[in-house]
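Here is the structure we will look at, set down as structure tokens.
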Amino acid sequence: MNRYFSFLLIWVLPIIVCLGQTEGETKVFAMIYTPGENWNYEITFDQQPFFNAHSKHIQKLRKEGSIVIGGRYSDKGFMLLRAKDSIKAVTIVEKDPSVTNGIFDVELFEFSTFYSGCLQNKKSN
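Read in full-length UniProt numbering, the sequence shown has 91 at position 91, and its numbers run on one by one without any break.
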């Protein structure tokens with residue numbers, strides 16, 4: 001694992017999680033974005049088809065308070081997402097046009113903390 005990513009998880013994540021709390025009981029899911037079958041390696045990530053729609057989708061999730069943290073590393077993206085359950089998390093992933101059109105692939109895992117800092121179970125909206 002990249003040492004910067006390790007630093008993020010160990011030191012920065014607990015602080016950011018504290019800032020991103022929402023009301024209600026939720027689970028946290030790790031989302032790992034990788035280039036999909038329709039990714040064009042000849043152009044940059046922000047030139048990919050459906051990138052603007054992807055950005056709007058992420059912006060909506062931020063406004064809803066669903067995103068705990070997100071960022072890019074190497075050719076991947078990582079996001080911690082709050083959702084009521086795995087069905088809701090999958091639904092959120094499936095609403096991203098860049099995923100449904102094969103620009104990104106997403107692996108989704110329930111994120112179980114061994115050190116939660118100030119991350120607490122909350123009720124979803």
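Ideal placement from N, C-alpha and C gives every residue a C-beta, glycine not left out.
In the DSSP assignment, find the unbroken beta strand (DSSP E) run with residue 26 in it and report its ends. From DSSP, residue 26 is part of no beta strand (DSSP E); its letter is neither H nor E.
When we look at the beta-carbon of residue 77 and count the other beta-carbons within 10 Å, is it buried (16 or more) or exposed? By the neighbour-count criterion, in which 16 or more other beta carbons inside 10 Å mark a residue as buried, residue 77 falls on the buried side.
Would you say residue 112 and residue 104 are within 8 Å of each other, going by their C-beta atoms? Taking 8 Å as the cut-off, the Cβ atoms of residue 112 and residue 104 do not count as close.
Report the residue from 94, 65 and 38 whose alpha carbon sits nearest the alpha carbon of residue 108. Sorting 94, 65 and 38 by C-alpha distance to the C-alpha of residue 108 places 94 at the top.
Nearest-angstrom Cα distance between residue 50 and residue 101? Rounded to the nearest whole angstrom, the CA to CA distance from residue 50 to residue 101 is 8 Å.
How would you call residue 29, buried or exposed, if buried means at least 16 neighbouring beta carbons within 10 angstroms? Residue environment for residue 29: buried (at least 16 other C-beta atoms within 10 angstroms of its C-beta).
Nearest-angstrom Cα distance between residue 75 and residue 60? About 23 Å.
With 16 as the cutoff for other CB atoms within 10 Å, does residue 34 come out buried or exposed? Here residue 34 is exposed, its C-beta having fewer than 16 other C-beta atoms within 10 Å.
For the candidate residues 37, 79, 46 and 52, whose alpha-carbon lies nearest to that of residue 65? Comparing Cα-Cα distances from residue 65 to each of 37, 79, 46 and 52, the minimum goes to 79.
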